[in-house]
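J.: In our numbering, the protein residues as written are 250 to 411. Have a look at this one before I ask anything.
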Amino acid sequence: MRGSGDAAVQAFVEGRRTALFRSAYLLCGDRHEAEDLVQTALVKVVLGSRRHGRLDHLEAYARRTLINTFIAGRRRFWRREQPYGELPDGAGESEDRDTGVMVRAALRELTPKQRAVLVLRYWEDLSVAETAELLGMRESTVKSHTARGIAALRAVVREEHV
Numbered sequence: 250m251r252g253s254g255d256a257a258v259q260a261f262v263e264g265r266r267t268a269l270f271r272s273a274y275l276l277c278g279d280r281h282e283a284e285d286l287v288q289t290a291l292v293k294v295v296l297g298s299r300r301h302g303r304l305d306h307l308e309a310y311a312r313r314t315l316i317n318t319f320i321a322g323r324r325r326f327w328r329r330e331q332p333y334g335e336l337p338d339g340a341g342e343s344e345d346r347d348t349g350v351m352v353r354a355a356l357r358e359l360t361p362k363q364r365a366v367l368v369l370r371y372w373e374d375l376s377v378a379e380t381a382e383l384l385g386m387r388e389s390t391v392k393s394h395t396a397r398g399i400a401a402l403r404a405v406v407r408e409e410h411v
């Protein structure tokens, strides 16, 4: 069963690992958790490709696996975010960095599905239809999660600026 299919999957893993990590980081907000999430998703992709022979849409399969693994992990009762003390002020931090920290903190306040929808829509630049298909939900549900997620983000950002 090994051969060109395995080579294609290996090339995909090597070429897309960084992009998947960026999405995973936005989903979970923690570098180590994002690395674990990507690793778990890629193992599932490799095993899936071996089980099914080949996957026609490897990119979509990997994204969906990443999102589903993230959401499933958030359902577990033992999974809790650990609060840490304030981050030290860095010398010469730019406003972009502050904005990035604020956005990631605001994303952590969203439900896992809202976070997944916003990451897919605005980071991965997928359409409503593509996001709905990837997450296995109706387009109206994607729109609803998008609207609620953006409203929640705005509320958190407003709190930060008050």
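For every residue, glycine included, the Cβ atom is placed at its ideal position computed from N, Cα and C. Being a predicted model, the structure only gives us computed values, none of them experimental.
State the Cα-Cα distance for the pair Gly297 and Gly349, rounded to the nearest angstrom.
T.: 34 Å
J.: At what residues does the alpha helix (DSSP H) containing Val368 begin and finish?
T.: First-last for Val368: undefined, no H or E at that position.
J.: To the nearest angstrom, how far is the alpha carbon of Lys362 from that of Asp285?
T.: 19 Å
J.: Given a threshold of 16 other Cβ atoms within 10 Å of its Cβ, counted over all protein chains shown, does Val292 qualify as buried or as exposed?
T.: exposed
J.: On the DSSP letters alone, give me the boundaries of the alpha helix (DSSP H) that Leu384 sits inside.
T.: According to the DSSP assignment, Leu384 belongs to the alpha helix (DSSP H) that extends over 377-384.
J.: Tell me which same chain residues have a C-beta within less than 8 Å of the C-beta of Thr289, skipping the five on either side of it?
T.: Thr318
J.: Would you check if the distance between the CB atom of Val390 and the CB atom of Arg370 is smaller than 8 Å?
T.: Per the sequence presented here, residue 390 reads as Thr, with Val not at that position. It is not a contact, given that the beta carbons lie outside the stated cut-off.
J.: Measure the CB-CB distance between Leu275 and Leu356 and report whether it falls below 8 Å.
T.: yes
J.: Under the three-state reduction of DSSP, which class applies to Gly278: helix, strand or coil?
T.: Reduced to three states, the DSSP call for Gly278 is coil.
J.: Pick out whichever of Tyr310, Arg353, Glu263, Ile316 has its Cα sitting closest to the Cα of Val405.
T.: Cα-wise, what sits closest to Val405 is Arg353.
J.: Which of the three DSSP states, helix, strand or coil, is assigned to His306?
T.: Coil at His306, not helix or strand.
J.: If you check the beta carbons only, do Ala311 and Val294 fall under 8 Å apart?
T.: yes
J.: Measure the C-alpha to C-alpha separation of Arg364 and Ala256 and round it to an integer number of angstroms.
T.: 33 Å
J.: Taking buried to mean at least 16 other C-beta atoms within 10 Å of its own C-beta, is Ala400 buried or exposed?
T.: Counting other Cβ atoms within 10 Å of its Cβ, Ala400 stays below 16 and is therefore classed as exposed.
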